[in-house]
Structures are given as structure tokens and as C-alpha cells.
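J.: In our numbering, the protein residues as written are 2 to 385.
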Ligand SMILES: C[S@@+](CC[C@H](N)C(=O)[O-])C[C@H]1O[C@@H](n2cnc3c(N)ncnc32)[C@H](O)[C@@H]1O
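1. Residue 309 and residue 363: beta carbons closer than 9 Å?
2. Please tell me whether, using a cut-off of 8 Å, the distance from the CB of residue 202 to the nearest non-hydrogen atom of ligand 1 is below it.
3. Does chain B have any CB closer than 9 Å to the CB of residue 103?
4. Can you tell me whether residue 161 is helix, strand or coil according to DSSP?
5. Can you look up residue 71 in the DSSP assignment and give me helix, strand or coil?
6. Just to check, is the beta-carbon of residue 1 closer than 8 Å to a non-hydrogen atom of ligand 1?
7. With DSSP as the reference, please indicate the residues paired to residue 212 in a beta bridge.
8. Based on the DSSP secondary-structure assignment, which residues constitute the bridge partners of residue 220?
9. With a Cβ-Cβ cutoff of 9 Å, do residue 79 and residue 138 count as a contact?
10. Quick check on residue 305: does DSSP put it in helix, strand or coil?
11. When every heavy atom of ligand 1 is checked, does at least one fall within less than 8 Å of the C-beta of residue 290?
12. May I ask whether a heavy atom of ligand 1 can be found less than 8 Å away from the beta carbon of residue 342?
13. How far does the beta strand (DSSP E) with residue 102 in it extend, from its first residue to its last?
14. Assuming residue 270 and residue 299 form a contact by the criterion Cβ under 8 Å, report the distance between their Cβ atoms to the nearest whole angstrom.
15. Do the CB positions of residue 82 and residue 376 come within less than 9 Å of each other?
16. Look at the Cβ atom of residue 331, then the Cβ atom of residue 282, and state whether they are nearer than 9 Å.
17. Would you mind reading off the limits of the beta strand (DSSP E) that contains residue 94?
18. Do residue 319 and residue 338 have their C-beta atoms within less than 9 Å of each other?
19. With distances taken between CB atoms, is the gap from residue 303 to residue 273 smaller than 9 Å?
20. Determine the contact status of residue 207 and residue 380, defining contact as a CB-CB distance below 9 Å.
21. Just to confirm my understanding: we take residue 324, look at its own chain, exclude 5 residues before and 5 after, and list those with CB closer than 8 Å. What are they?
22. Between 242, 200, 238 and 194, which has its C-alpha nearest residue 212's C-alpha?
23. In its own chain, which residues sit with a C-beta less than 7 Å from the C-beta of residue 158, not counting the 5 before and 5 after it?
24. Can you tell me which of 101, 169 and 378 puts its alpha carbon nearest to the alpha carbon of residue 58?
25. Terminal residues of the continuous beta strand (DSSP E) containing residue 381?
26. For residue 11, verify whether its CB is less than 8 Å away from any heavy atom of ligand 1.
27. Compare the Cα-Cα distances from residue 36 to each of 289, 86, 116 and 13 and report the closest residue.
28. Could you tell me if the beta carbon of residue 171 falls within a distance shorter than 8 Å of some heavy atom in ligand 1?
29. Starting from residue 432, trace the alpha helix (DSSP H) in both directions and tell me its first and last residue.
30. Given a threshold of 16 other Cβ atoms within 10 Å of its Cβ, counted over all protein chains shown, does residue 38 qualify as buried or as exposed?
31. According to DSSP, which residues form a beta bridge with residue 269?
32. With distances taken from CA atoms, which of 11, 61, 296 and 186 is nearest residue 361?
33. Compute the Euclidean distance between the alpha carbons of residue 61 and residue 321, then round it to the nearest angstrom.
34. By a C-beta neighbour count over all protein chains shown, 10 Å radius and 16 as the cutoff for buried, is residue 19 buried or exposed?
35. Beta-carbon separation of residue 357 and residue 301 under 9 Å?
36. Below 8 Å, how does it come out for the stretch 120-131 and the stretch 46-56: are there three or more Cβ pairs, yes or no?
Put into C-alpha cells, the structure is as follows:
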């Protein structure tokens with residue numbers, strides 16, 4: 002019987018990650034994760050009620066979408082909902098589709114959110130992002146709204162800056178793992194190139210870690226695809242630079258050749274990206290491009306939400322499942338077997354095909370952690 006959410010986070014997880022600094026996942030973080038897990042279960046039950054899925058035998062999500070006259074744009078989010086109900090023990094994947102249990106009662110998401118935000122106000126953006134996405138799904142399914150417009154419009158940009166922030170414990174952990182792995186991979190005075198730098202929170206964490214470890218970088222090239230993020234992130238990085246560290250900011254698209262974007266080969270000692278490379282149309286090509294940027298001995302470090310197995314559900318995935326760039330990234334055998342986030346096996350294969358020889362994962366025993374607690378996704382991958 003696979004582990005189900007929500008579940009108490011066993012303190013064993015700390016013992017299973019001796020390669021992480023002690024206390025990285027402290028009791029406060031464990032309790033915050035347990036609350037967010039309870040909230041997502043309650044949200045999924047409430048969504049199932051709203052979409053009239055409770056107590057029903059349903060066909061697979063593609064057929065269900067067609068049968069209800071829903072838009073295919075919402076299908077991946079619908080699949081997320083059915084899988085998440087299963088992860089919480091409220092649905093079963095059958096030979097013909099899905100069986101959703103009834104009744105689906107229990108705590109309300111609003112009550113759990115209120116409890117969580119009162120206990121730890123900094124976690125609020127994690128709740129708001131999930132609520133916003135859940136509220137948008139009916140109109141995405143009805144074909145009235147695009148996921149991008151509902152959750153990434155001008156009025157919600159501020160929420161994403163709050164979400165992708167080192168102040169939000171549920172996001173900061175991605176950056177911290179990247180920073181730890183990045184600092185272990187870098188020597189003093191490194192020239193760093195960041196891809197998909199967003200609002201600059203990963204850069205902040207990495208610069209702080211390198212500086213605390215006594216090896217501040219010599220130069221930081223902060224890149225982003227979207228102009229609003231590039232401007233905002235660039236300002237954040239500027240304010241976080243250690244003395245003597247130079248800064249360049251520029252647009253960079255992982256789907257294009259670096260040379261065509263004015264980035265020369267072999268110039269960087271450390272190339273980093275947090276939760277960006279899974280958006281690449283062709284991860285092998287995008288990684289090969291990044292490898293070409295490295296100086297001899299340099300490393301690429303990716304902070305990624307890593308799927309526990311190639312096809313496993315991710316209960317935090319809902320907002321991303323509603324975005325076209327996430328849904329449409331092409332599948333590739335052994336690398337990306339379902340849209341979006343990839344497993345470590347998929348990353349390893351992509352990195353190997355891109356020409357990397359030495360590939361390590363932090364924490365090394367992620368697979369075991371995810372077996373014990375199926376919400377354990379955060380990792381950093383280092384490749385040379
Ligand atoms: C999860 S966010 C990264 C957050 C960022 N690391 C931070 O600390 O705030 C992913 C980023 O990838 C960028 N992105 C999306 N498609 C991209 C592409 N084709 N090339 C480069 N960046 C891309 C997005 O604009 C977004 O800022």
C-alpha cells in the first residue's frame with residue numbers, strides 16, 4: 002500500500018538526509034508542510050464536489066473532459082485532481098478510469114488556511130496560489146478563461162513574487178538546496194550564469210550561501226525570459242551582491258542557442274537554474290547548450306521539483322498544470338514521460354545525453370525519502 006497524504010512527517014527524514022546541513026528541515030517546517038498537505042486534500046475534496054465527481058465511476062481524464070464538453074486546456078489539471086484524490090485515499094485508479102469515493106466531507110480548506118496563516122503568516126502565498134488555481138479551474142474547463150490569464154495576469158504578478166520568495170518557507174527550500182549544492186560545486190571568485198532567474202530569489206539565496214562559505218563570486222549574469230521578471234529580479238540581485246561582484250542582466254531563452262543570444266562558450270564556472278529547465282521544449286538540447294557555457298571544471302546545478310517516480314503525481318502541481326508552456330513541453334521516452342516536472346531518472350538520462358559525465362543528487366536518497374513521505378520533491382542536481 003503506497004503512503005498516503007496527509008501524514009505526519011517522520012523525523013526519520015532528517016536521518017535519511019545526512020548530506021544536508023542538520024536542521025534544514027526543522028520542526029517548524031515539518032508542521033508547515035503537514036498543514037499545507039491537509040489544505041491541499043481539503044481543496045481537492047471541495048473541487049471534486051464543485052465539479053460533480055463525488056461518488057462517481059469516471060472514464061480516464063481525456064474521455065471525461067470530452068464527455069462533459071470541457072476544454073482540453075483543463076485536462077491536465079483535471080488529471081491532477083483525480084490523482085490527488087487518489088493520493089489522499091479518496092479515489093481509485095481502475096481498469097476503466099477512476100472511482101471517486103463518497104461522501105467527501107471533512108475540514109474546510111478555508112479553516113486550514115486560516116490556522117496555517119495564523120501560525121506562520123509567511124506561508125500565505127503558498128495557500129493563495131493553490132486557491133487561485135482551484136478557483137480558476139471551472140472557467141478553464143468551460144473554455145471561458147486561459148490558465149495563463151487566470152493565474153499569471155497583471156493582477157496576480159505580485160502574488161508570484163510573494164510565492165517565489167525566500168520569505169515563503171514552502172518555496173525557499175528549493176532555493177536553499179540550490180544554494181547548498183551550488184556552493185559545494187563552486188570555487189572562490191566564480192563567474193555565475195543563472196537561467197530563468199524570475200524575481201531573483203534563487204540568486205539571493207545562492208549569493209548569501211557563497212558569501213557565507215567564504216567564496217563570493219566574481220561575477221553574476223542574471224537572465225530571464227520575461228521582461229517584468231528580468232527588471233524586478235535584476236534589482237533584487239543588484240541589492241544582494243557581495244562587494245566586488247559584477248552583475249550583468251539579460252534575456253535568455255533555454256530553447257534557443259546561446260550564441261544566437263550573444264552568450265559565448267566556456268565563460269562560466271557555475272550555471273544555475275531553479276524550476277526552469279523542466280519547461281525546456283527539448284531538455285537534452287537545453288542542457289547541452291548550458292554545458293557549452295561552462296569553463297573547464299565548471300558545473301551546472303539545477304534546483305528542481307523532482308517527481309518521485311517518472312509517472313508519480315505531485316500534489317503541489319495544480320497551478321503549473323494550468324499553464325500552456327508546462328503542459329505542452331514535448332514528452333521524451335525515458336526523460337519526460339508525462340508533462341512537466343521530471344523524475345531524477347529522467348534528469349539523469351537527459352544530462353547524460355547532453356554530454357555530462359558526473360551527475361549527483363542532493364539529497365542523495367531522495368527516492369527513499371519520497372517512499373516514506375510522498376510529498377518530498379525538493380532536490381538539487383549537480384552535473385559536470
Ligand atoms: C519557477 S520560475 C523561477 C523562479 C526564480 N528562480 C526565482 O528565484 O524567483 C521559472 C522561470 O522560468 C522562466 N522561463 C519560462 N520559460 C523560459 C524559457 N523558455 N527560457 C528561460 N526562462 C524561462 C519564467 O519566466 C520564470 O521566471
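We treat Cβ as the ideally placed atom computed from N, Cα and C, and that holds for glycine.
T.: Inspection of the coordinates gives the following:
1. Not closer than 9 Å, so no.
2. Residue 202: yes, Cβ under 8 Å from ligand 1.
3. Here there is only one protein chain, and chain B is not present.
4. Looking at residue 161 - three-state DSSP - the assignment turns out to be helix.
5. Residue 71: coil per DSSP, three-state reduction.
6. Coverage of the chain is limited to positions 2 through 385, which leaves residue 1 absent and any answer about it impossible.
7. Beta-bridge partners of residue 212 (DSSP): none assigned.
8. Under DSSP, residue 220 forms a beta bridge with 192 and 247.
9. Taking 9 Å as the Cβ cut-off, residue 79 and residue 138 qualify as a contacting pair.
10. If DSSP states are grouped into helix, strand and coil, residue 305 belongs with the strands.
11. False, no ligand heavy atom lies under 8 Å from that Cβ.
12. In this structure, ligand 1 has no non-hydrogen atom nearer than 8 Å to the beta-carbon of residue 342.
13. Bounds of any beta strand (DSSP E) do not take in residue 102, whose DSSP letter is neither H nor E.
14. Sure, about 5 Å apart at Cβ, within 8 Å.
15. Pairing residue 82 with residue 376 gives a Cβ-Cβ distance that is not under 9 Å.
16. Cβ atoms of residue 331 and residue 282: closer than 9 Å.
17. For residue 94, the enclosing beta strand (DSSP E) has its first and last residue at 92-95.
18. By the CB criterion at 9 Å, residue 319 and residue 338 fall outside the cutoff.
19. Cβ distance < 9 Å, so residue 303 and residue 273 count as in contact.
20. Cβ distance not < 9 Å, so residue 207 and residue 380 don't count as in contact.
21. Apart from sequence neighbours up to five positions away, the residues of its chain that approach residue 324 with a beta-carbon distance below 8 Å are 148, 149, 152 and 153, ordered along the chain.
22. The candidate whose alpha carbon is nearest that of residue 212 is 242.
23. Result list for residue 158: 229, in chain order.
24. Out of 101, 169 and 378, the CA that lies nearest to the CA of residue 58 is found in 101.
25. Residue 381 -> beta strand (DSSP E) spans 379-384.
26. Not so, every heavy atom of ligand 1 lies at least 8 Å from the Cβ.
27. Nearest C-alpha to residue 36: 116.
28. Residue 171: no, Cβ never under 8 Å from ligand 1.
29. Residue numbering for the chain in the displayed model covers 2 to 385; residue 432 lies beyond these limits and cannot be assessed.
30. Buried is the call here.
31. DSSP output for residue 269 lists 295 as bridge partner(s).
32. Ranking 11, 61, 296 and 186 by Cα distance to residue 361 puts 186 first.
33. In this structure, the CA atom of residue 61 is about 20 Å from the CA atom of residue 321.
34. Looking at its Cβ environment, which holds fewer than 16 other Cβ atoms inside 10 Å, residue 19 is exposed.
35. With contacts defined by Cβ atoms closer than 9 Å, residue 357 and residue 301 form a contacting pair.
36. No, the stretch 120-131 does not touch the stretch 46-56.
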